[in-house]
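**Student:**
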Amino acid sequence: MEKIAVSVIIPVYNVEQFLPACLDSVLGQTLKNIEVICVDDESPDHSIDVLNRYAAMDSRVKVIRQKNKRQGGARNTGFRVAQGEYVAYIDSDDWLDRDYFEKLYVAAVAHDADIASANVTKMRNTTSRQQINVRRVEVAEAVNPKFRLSNCPPVFNTTNKIYRREMLLRIGLMFREHVQFEDVEYLTHALAESGRLVTVPDVYYYYRVHGNSTTKSQQTFLKQCQKYKAHRRFVLYADKHGINMNDHFRDVLYRAYSWGGITWLSMKFNGRRRLWRLLNIIPVWRSAH
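Residues in the sequence shown are numbered consecutively from 0, following numbering that gives the first Met the number 0.
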């Protein structure tokens, strides 16, 4: 039996209209020795019917159903059963170039890399913008060059990469479950604690932005809390492990109370200092933490 080069893990939740395009782009890859692990995270629409239809057509597709654990929990479930030499996390509303996995896998093997990273194009209706621009093959082993090549911060993108599965098992890396912004902590640890990273030009991951996307969906108090905590953990980890960043990336804004489109009370965290402001302008309290 041919070894599995890449385990493709796809968390699925309420994406019935986008799911076929995602699966078509994955199953149509020029690299054929992949497995596609789709984890239905208690999706309320008919996504499971789409998954079962594709599984009946292609034996590489494996479908798992679970109680809702959000995206991080679905990715963890897929990772636990993955058998590939490398692992990829693909969002179920996105799509890939046809030779995406072939180019990443060939580069990873050629450079004995734990991580191979591609370009990202952000798609919004009829417009597009390059979020990560890989211009040439570059190899990095030191921590700070790996963060620089990943444009991290400000971008914490786990989906435009493949990761050596043995490396992930060695460092015991899993996603936080039941939360949003789980990519921030995961990618921070992956880049800091892995070995070699290689960048791969001329191949693209297409990230679809729509109304239900994490970045565009309605802002809530819980979402603000989770975003603040994720970025705060990154800043503290970066300081502890000597990860360089511009000072403005240290500023994590937390809108503590917002109503009518107006932020009445906000808190900015910078390293170990907190500054509370009324109307996001008037300083009212400073504290060290």
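Using N, Cα and C, we set each Cβ at its ideal position, and we do this for glycine too.
Nearest CA to the CA of Pro43: which residue from Lys102, Val25, Thr29, Arg69?
**Tutor:** Indexing the sequence shown from 1 puts residue 43 at position 44. Comparing Cα positions, the closest option is Arg69.
**Student:** Measure the alpha-carbon distance for Asn132 versus Trp94 and round it to whole angstroms.
**Tutor:** Numbered from its first residue, the sequence shown carries residue 132 at position 133. Numbered from its first residue, the sequence shown carries residue 94 at position 95. Taking the straight line joining both Cα atoms gives about 17 Å.
**Student:** Below 8 Å on the Cβ atoms is my contact criterion, and I expect Ile36 with Ile8 to pass it. Report the Cβ-Cβ distance as a whole number of Å.
**Tutor:** Indexing the sequence shown from 1 puts residue 36 at position 37. Indexing the sequence shown from 1 puts residue 8 at position 9. At roughly 5 Å, the Cβ-Cβ gap stays under 8 Å, so Ile36 and Ile8 are in contact.
**Student:** Confirm, please, whether the CB-CB distance from Asn159 to Asn118 is below 9 Å.
**Tutor:** Taking the first residue of the sequence shown as position 1, residue 118 is located at position 119. Taking the first residue of the sequence shown as position 1, residue 159 is located at position 160. Against a cut-off of 9 Å, the Cβ pair of Asn159 and Asn118 comes out as a contact.
**Student:** Would you give the residue range spanned by the beta strand (DSSP E) that Ser116 belongs to?
**Tutor:** If you number the sequence shown from 1, residue 116 lands on position 117. Annotation for Ser116: the continuous beta strand (DSSP E) segment containing it runs 114-123.
**Student:** May I have the straight-line CA-CA distance separating Ile47 from Ala141, to the nearest angstrom?
**Tutor:** On the sequence shown, position 48 is the one that residue 47 refers to. On the sequence shown, position 142 is the one that residue 141 refers to. Roughly 42 Å separates the two Cα atoms.
**Student:** Among residues of its own chain, excluding the 5 on either side of Gln65, which ones have a beta-carbon nearer than 6 Å to its beta-carbon?
**Tutor:** On the sequence shown, position 66 is the one that residue 65 refers to. Closer than 6 Å at Cβ, skipping near neighbours: Thr76.
**Student:** Have a look at Asp96, Arg97, Phe78 and flag the residue whose alpha-carbon is nearest the alpha-carbon of Tyr88.
**Tutor:** Walking along the sequence shown from the start, residue 88 turns up at place 89. Checking every option, the nearest Cα to that of Tyr88 belongs to Phe78.
**Student:** Determine the closest residue to Arg195 out of Glu1, Ala81, Leu18, Ala107, with distance taken between C-alpha atoms.
**Tutor:** Here residue 195 refers to the residue found at position 196 of the sequence shown. The option with the nearest alpha carbon to Arg195 is Ala107.
**Student:** What is the rounded straight-line gap between the Cα of Tyr12 and the Cα of Glu41?
**Tutor:** Taking the first residue of the sequence shown as position 1, residue 12 is located at position 13. Taking the first residue of the sequence shown as position 1, residue 41 is located at position 42. So the alpha carbons of these two residues sit roughly 7 Å apart.
**Student:** How many angstroms separate the CA atom of Gln28 from the CA atom of Tyr99?
**Tutor:** Working through the sequence shown from its first residue, we reach residue 28 at position 29. Working through the sequence shown from its first residue, we reach residue 99 at position 100. Each residue's Cα considered, the two are about 7 Å apart.
**Student:** Compute the Euclidean distance between the alpha carbons of Asn156 and Glu1, then round it to the nearest angstrom.
**Tutor:** Position 157 of the sequence shown, counted from the first residue, corresponds to residue 156. Position 2 of the sequence shown, counted from the first residue, corresponds to residue 1. Between Asn156 and Glu1, the C-alpha separation is close to 30 Å.
**Student:** Asp96 and Tyr203 look like a contact to me (Cβ under 8 Å); what is the Cβ gap, rounded to whole Å?
**Tutor:** In the sequence shown, counting from the first residue as 1, residue 96 sits at position 97. In the sequence shown, counting from the first residue as 1, residue 203 sits at position 204. That belief holds up - the Cβ atoms of Asp96 and Tyr203 are roughly 5 Å apart, short of 8 Å.
**Student:** Does DSSP put Lys61 in a helix, in a strand, or in coil?
**Tutor:** Sequence index remark: in the sequence shown, residue 61 carries index 62 (1-based). If DSSP states are grouped into helix, strand and coil, Lys61 belongs with the strands.
**Student:** With a Cβ-Cβ cutoff of 9 Å, do Tyr162 and Ala189 count as a contact?
**Tutor:** The residue labelled residue 162 in the question sits at position 163 within the sequence shown. The residue labelled residue 189 in the question sits at position 190 within the sequence shown. Closer than 9 Å, so yes.
**Student:** What did DSSP end up calling Tyr185 once you bin it into helix, strand or coil?
**Tutor:** The residue you call residue 185 lines up with position 186 of the sequence shown. DSSP places Tyr185 in helix when its eight states are reduced to three.
**Student:** Pull up the distance between the alpha-carbon of Val25 and that of Leu103, whole angstroms please.
**Tutor:** Along the sequence shown, one-based indexing puts residue 25 at 26. Along the sequence shown, one-based indexing puts residue 103 at 104. Cα-Cα distance, rounded: 14 Å.
**Student:** Expressed to the nearest angstrom, what Euclidean distance is found between the alpha-carbon atoms of Lys215 and Met173?
**Tutor:** For the purposes of this step, residue 215 is taken as residue 216 along the sequence shown, with counting starting at 1. For the purposes of this step, residue 173 is taken as residue 174 along the sequence shown, with counting starting at 1. Bear in mind that a pLDDT of 46 at Lys215, under 50, signals an unreliable position, so the number given afterwards is only what the model happens to contain. For the pair Lys215 and Met173, the Cα-to-Cα distance works out to about 25 Å.
**Student:** Please classify Leu316 as buried or exposed, where buried requires at least 16 neighbouring CB atoms within 10 angstroms.
**Tutor:** Within the shown structure, residues of the chain are numbered from 0 to 288, placing residue 316 beyond reach of any answer.
**Student:** Grouping DSSP H, G and I as helix and E and B as strand, with all else coil, what is Gln82?
**Tutor:** To locate residue 82, count along the sequence shown from 1; it is residue 83. Here Gln82 sits in coil by DSSP.
**Student:** Taking the C-alpha atoms as reference points, what is the distance between Arg123 and Pro10?
**Tutor:** Residue mapping note: residue 123 aligns to position 124 of the sequence shown, counting from 1. Residue mapping note: residue 10 aligns to position 11 of the sequence shown, counting from 1. C-alpha separation (whole angstroms): 21 Å.
**Student:** Going by DSSP, what residues sit across from Pro10 in a beta bridge?
**Tutor:** Translated into positions along the sequence shown, residue 10 becomes position 11. Note: Pro10 sits in a beta bridge opposite Val38.
**Student:** Between the C-alpha atoms of Pro200 and Arg135, what's the straight-line distance to the nearest angstrom?
**Tutor:** Within the sequence shown, the letter at position 201 stands for residue 200. Within the sequence shown, the letter at position 136 stands for residue 135. Approximately 5 Å, taken between the alpha carbons.
**Student:** Considering Cα atoms alone, identify which of Asp90, Glu165, His230, Leu186 is closest to Ala20.
**Tutor:** To locate residue 20, count along the sequence shown from 1; it is residue 21. Of Asp90, Glu165, His230, Leu186, the residue nearest in Cα terms is Asp90.
**Student:** Using only the alpha-carbon positions, how far apart do Ala237 and Val14 sit?
**Tutor:** Within the sequence shown, residue 237 is the residue found at index 238, counting from 1. Within the sequence shown, residue 14 is the residue found at index 15, counting from 1. Answer to the nearest angstrom: the Cα atoms are 34 Å apart.
**Student:** According to DSSP, is Thr198 helix, strand or coil?
**Tutor:** Taking the sequence shown and counting its residues from 1, one reaches residue 198 at position 199. Strand, per DSSP.
**Student:** If the criterion is Cβ atoms closer than 9 Å, does the pair Arg164 and Ala73 meet it?
**Tutor:** In the sequence shown, counting from the first residue as 1, residue 164 sits at position 165. In the sequence shown, counting from the first residue as 1, residue 73 sits at position 74. Not closer than 9 Å, so no.
**Student:** Where Ala191 and Val38 are concerned, what is the direct C-alpha to C-alpha distance, given to the nearest angstrom?
**Tutor:** Residue numbering aside, residue 191 sits at position 192 when the sequence shown is read from its first letter. Residue numbering aside, residue 38 sits at position 39 when the sequence shown is read from its first letter. Whole-angstrom Cα-Cα distance: 28 Å.
**Student:** Taking Cβ to Cβ, would you say Ser6 is nearer than 9 Å to Gly83?
**Tutor:** As a first step, residue 6 is located in the sequence shown; it is residue number 7 there, counting from the start. As a first step, residue 83 is located in the sequence shown; it is residue number 84 there, counting from the start. Yes, the pair counts as a contact, with Cβ atoms nearer than the cut-off.
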